[in-house]
Structures are given as structure tokens and as C-alpha cells.
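Each residue of the sequence shown is one higher than the one before, starting from 193 at the first, in the working numbering.
For each residue, glycine too, the CB sits at the ideal point set by N, CA and C.
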Amino acid sequence: MSASHSYIGRFAPTPSGPLHFGSLVAALASYLDARSAGGHWLLRIEDIDPPREQPGAADQILRTLEAFELFWDGPVFYQSQQNERYQYAVELLQQRHLAYPCRCSRKQLRDYPVYPGWCREHSPDTQDSAIRVITSGQFQIQDRIQDYCHWNMADIGDFIIQRRDKLFAYQLAVILDDHDQGVNQVVRGFDILDSTPRQLQLLSHMDLPVPQYAHIPVIVNPDGQKLSKQNLAPAIQADERLSLLIAALNALGHTADSSVTSCGYQAVMEWAIKHWDIDRIPGCAGIPVTQLCPES
């Protein structure tokens, strides 16, 4: 992509804890892709699920990004401030007969891999109901890393966009936020690839443009699980930022020569922006952290 401010990317962490090495790889990939294109890199805090959030985590994430010199453009965008926007979208989809109330419980659905559509034709009262969106057709993308991806929505089924407790689903919030922020390039982890068809369905229903996607491999622990706060992945530390940056670049297929790494953190970051090539990123689902950080 030619250098242009028409590129708008973003990093969108959930404040459920401090950033870990897997988070750093994701942040770095989106940052370098934006900066190498001369574009904007935005920061969004996805704080729409209070039970999952850790007090103070959002501020800690901001401080960590600054310590690693991953500076964002513009103000920080908080999902928790967008509830009116999300509610309007839910009501609009219902008015268009593209979404409906659903009172089916998890217990009722546990034997069904795909929602059987019980409430689609016989919707209950909206009180104490979740809201499901109607799915249909097929979607495909040309992912910049994972290549051609195709989904049949019959294999996915109608999904929830607003829970019974009135919290909004990630799938709805993310497509609205990307549109409202002008995001046209989404670089994120492979673990979110399965969410993409749901987001494509919502984009279609809302008549919104589809961004270009790039799904990077996630970093996994020795048990093959994605590094996450739930799996007690340790927080990254600023005093280890050079070694962590080098390891993160290695994960992304960009190995700097010792003549560069010996010059310090800023030199490595400048090298990474100059030599960034998304085609170097492995097109796999996950990379073991032990290959990158043996002490982990």
C-alpha cells in the first residue's frame, strides 16, 4: 500500500488485565502496518463487558503502550461511551426485521451446535430477552495473511447481538466502532477469524463498508492455548522492552540483524517500520511462545 493517510488501523484491547506478550505481538503488527503505510493508528478500549474487566487495567494498558513507544493518533475511544449508538443499531435491525427477541436458554440449546431458529418466527416479548440477528447466505474475504476465507452462514446460525442483561455483543460493537472511527484496515489475531463472518453479516445488514482484514497467528503456551489473561500470561515489563520487541518481530517474520538490535530499542523500531512486509508473517494459526521467549 502506498504511503497515505487514507490508511486507518487500530488496536482494540479488552481491559481484563495488563498487556502480555501475545497482546504486544498484536499491537505491534497493527502499529507497524499502519506506520509503514504512513497511516493512522487508533486505540480503542473494548470495555463493554464489565464482569470481565479489571479495575485500572485500561490505564495500565495505555501506560504500557507508551512505555513501548507505541503511540496512537487522536483520543482514546472507549466502547463504554457508545451505548446509545449500539442501542440505536439494535432497534434499527429489529425495525428492518433483521433481528428478533430470543428467550432460549443455554440449557435449551446445549445440544444444538447451530441455533435452531425457534424464536425467529415466534418472537417472545422483548422483556427479559436477548436479541438475535438473522443470518443468511455466504461471505468471503481475501485475508492479507490467511488468504481466501469462505463461510456459509447456515453453518453459523442466528447469533446474539444484545444479551439478556442488556450488554451489547462484541460482534455488533466492533463493526460500528470501526465504521465510526473510519477504520479500513483491521490487523488482529487468528483467534478472531471465526468472528469475521458474523461481522460481515452485520456489515451487510447495516449497509456499511467492509474493511480489509489481516489475521496474524496468535502466540500459544506450551499447552497449545492462546496466551491470555485467563491463562495467567505474565504482564510485559518495560525494562525488558528490547528483548520483547525482538521476540515479537521474530513472531511476525521480521528478524533484525545484530547490527540493528545492538543499537537499542528505537533503532529496532525504526528498522521494523522501514522493512515491514506483511507477506513475511506466517500464515498459521499459532506460534509457540517457547520458540520466541524460551524462559516463558
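Item: DSSP three-state assignment for Arg-380, whether helix, strand or coil; Value: strand
Item: Spatial distance of Ile-237 from His-371 (CA atoms); Value: 15 Å
Item: 7 Å Cβ cutoff met for Glu-489 and Ser-222; Value: The first residue shown for the chain is 193 and the last is 488, placing residue 489 beyond what the model contains.
Item: Residues near Gly-381 by beta carbon distance below 7 Å, same chain, minus five either side; Value: Ala-218, His-407, Ile-408 and Val-410
Item: Of the residues Ala-291, Asp-320 and Phe-203, the one placed nearest Gly-309, counting alpha carbons only; Value: Ala-291
Item: Ile-153 (DSSP reduced to helix, strand or coil); Value: This structure cannot speak to residue 153, because the chain is shown only from 193 to 488.
Item: 8 Å CB neighbourhood of Asp-347 in its chain, flanking five on each side removed; Value: Val-306
Item: Three-way DSSP call (helix, strand, coil) for Ile-237 in this model; Value: strand
Item: Rounded C-alpha distance that separates Ile-303 from Phe-213; Value: One detail in the question is off: residue 303 reads as Asp in this sequence, not Ile. So the two alpha carbons sit approximately 36 Å from each other.
Item: Exposure of Val-268, with buried meaning 16 or more beta-carbon neighbours within 10 Å; Value: exposed
Item: Close Cβ partners of Asp-320 (< 8 Å) along its chain, the five nearest in sequence each way excluded; Value: Arg-295 and Arg-356
Item: Pro-243, buried or exposed, once every other Cβ within 10 Å from all chains shown has been counted against 16; Value: exposed
Item: Collapsed DSSP secondary structure at Lys-299 in the structure displayed; Value: helix
Item: Asp-241 versus Ser-454 - alpha carbon distance; Value: 42 Å
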